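Heads up, the sequence shown is in this note's numbering, so the first residue is 240 and it goes up one at a time. From the three backbone atoms N, C-alpha and C, an ideal C-beta is built for every residue, glycine too. As the structure is a prediction and not an experimental result, all values here were calculated from the model. Shown next, in C-alpha cells, is the structure this report addresses.
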Amino acid sequence: MIVLDTHIWVWWVHGDERLTRTQAEVIEANETDGVGVSAISCWEIAKLVEYGRLELPCSLEEWFEDALSYPGVHLFELTPEIAIESTQLPGEFHRDPADQMIVATARVYGCPLVTSDGRLLEYPHVETTA
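Pasting the structure below:
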C-alpha cells in the first residue's frame, strides 16, 4: 500500500508526462495491495479547480468518480487519529494543511508517500518515493 500526494494522483489519472517512470512503476506495483488517496486530496483538487489553477476535462463529480475507480485506489477518510497526527508531526514541518493531512495519513497507515514535492521528500519523518 502506498499513499499518493495530490499532484501525483492528478498526474497519474491524466497520464501527465511529469509522472516519472519510477513513480508510475511504484503505482503499478501497488495496484493489487492498494493505492491510497487522502480525502484531503479531493478537497485540494476541488479548490485548485475553484481557483482556476487546475482544469479538468469534465465536471468535478465525473472526475472523482473516474479517478476513485482506478485499479487499487482506496480513499482514506479523515479520521480523528489523522487529524491529531497532522497537528503533532515531529520535527519541522511547513504550515500547508493539505500536506500535513497527507503526511499524517501516510504515517498513520505506515505507507510510503509518492510525491515530487521537495519539502515532503526532505521531511525525514515519513517514507517517500520520488
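>> Can you give me the C-alpha to C-alpha distance between C281 and G330, rounded to a whole angstrom?
In response: As a first step, residue 281 is located in the sequence shown; it is residue number 42 there, counting from the start. As a first step, residue 330 is located in the sequence shown; it is residue number 91 there, counting from the start. Whole-angstrom Cα-Cα distance: 27 Å.
>> Please give me, in chain order, every unbroken run of the beta strand (DSSP E) with length at least 3 that falls completely inside the stretch 270–346.
In response: 274–277, 312–315
> Beta carbon of I241, beta carbon of P351: below 8 Å?
Replying inline: Along the sequence shown, read from residue 1 onward, the residue named residue 241 stands at position 2. Along the sequence shown, read from residue 1 onward, the residue named residue 351 stands at position 112. Yes, Cβ-Cβ distance for I241 and P351 is below 8 Å.
> How big is the Cα-Cα spacing for R257 and L328?
Replying inline: Working through the sequence shown from its first residue, we reach residue 257 at position 18. Working through the sequence shown from its first residue, we reach residue 328 at position 89. Those two C-alpha atoms are separated by around 28 Å.
>> Give me the residue from H333, D335, A285, G311 with the minimum Cα distance to E300.
In response: If you number the sequence shown from 1, residue 300 lands on position 61. Closest option to E300, Cα to Cα, is A285.
> Cα separation between P310 and G349?
Replying inline: In the sequence shown, residue 310 corresponds to position 71, counting from 1. In the sequence shown, residue 349 corresponds to position 110, counting from 1. Distance between the alpha carbons of P310 and G349 is about 21 Å.
> Name the DSSP beta bridge partners of I241, please?
Replying inline: Against the sequence shown, residue 241 aligns to sequence position 2. DSSP output for I241 lists V274 as bridge partner(s).
> Can you tell me where the alpha helix (DSSP H) with E267 in it begins and where it stops?
Replying inline: Position 28 of the sequence shown, counted from the start, is the residue given in the question as residue 267. Where E267 is concerned, the enclosing alpha helix (DSSP H) stretches over 260–268.
> Would DSSP call V249 helix, strand or coil?
Replying inline: As a first step, residue 249 must be located in the sequence shown, where it is residue number 10. The answer is helix: DSSP assigns V249 an H, G or I state.
>> For L359, count the other beta carbons within 10 Å of its own beta carbon; 16 or more makes it buried, fewer makes it exposed. Which is it?
In response: Along the sequence shown, read from residue 1 onward, the residue named residue 359 stands at position 120. Counting Cβ neighbours within 10 Å, L359 comes out buried, since at least 16 surround it.
> Among V265, A268, S277, G254, which one has its Cα closest to the Cα of P336?
Replying inline: Taking the sequence shown and counting its residues from 1, one reaches residue 336 at position 97. Answer by Cα proximity: S277.
> What is the rounded straight-line gap between the Cα of H364 and the Cα of G275?
Replying inline: The residue labelled residue 364 in the question sits at position 125 within the sequence shown. The residue labelled residue 275 in the question sits at position 36 within the sequence shown. Roughly 19 Å separates the two Cα atoms.
> Expressed to the nearest angstrom, what Euclidean distance is found between the alpha-carbon atoms of I321 and M340?
Replying inline: Taking the sequence shown and counting its residues from 1, one reaches residue 321 at position 82. Taking the sequence shown and counting its residues from 1, one reaches residue 340 at position 101. Their Cα atoms are separated by approximately 7 Å.
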